[in-house]
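Numbering (our numbering), first residue to last: 106 to 259.
1) When the Cα of residue 237 is compared with those of 174, 187, 149, which residue comes out closest?
2) Along the chain, where does the alpha helix (DSSP H) that runs through residue 148 open and close?
3) So residue 210 and residue 201 are supposed to be a Cβ contact under 8 Å. How far apart are they, rounded?
4) Closer than 8 Å is the cut-off here; do at least three beta carbon pairs connect the stretch 240 to 249 with the stretch 127 to 141?
5) Quick check: the Cα distance between residue 111 and residue 117, rounded to an integer number of angstroms?
6) Quick one: which unbroken beta strand (DSSP E) runs of 3-plus residues sit fully inside the stretch 161 to 230? Chain order, please.
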């Protein structure tokens, strides 16, 4: 068992953060739609597409450099990496304890998106968290504006 109680708490917090992010994104996209069917269809399309692009289904490291550069602009990318960071934290500590070469550990972290880079600079987990939080605030503010404009005369 490689996860500590703190790792479990952090994974739970990250999942909650991503749920709020997804809810805010979905709410913003579906606010101007007229029927529940439209909102459901759009939500399905967005969740499948966004999940693929942000690395939830396939590591971003497998994409070309151009696509990786674009994908690092998406907040969901950082949320996905946060979860991988927390889940794999204990495993990487154990690898260090077993004297696995640091280059091998770094290569593994890079290949499964535990390490993310923006303009060739490593992004810390604190920065990843802040990116997702700021994105949530922006999405919720945009949703409130769209909702007000769409429904003010109703």
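For glycine and all other residues, C-beta sits at the position ideal for the given N, C-alpha and C.
With the given structure in hand:
1) 187
2) 141 to 158
3) Confirmed, about 7 Å.
4) yes
5) Going by the C-alpha atoms only, they are around 10 Å apart.
6) Listed in chain order, nothing qualifies, since the stretch 161 to 230 has no complete beta strand (DSSP E) run of 3 or more residues.
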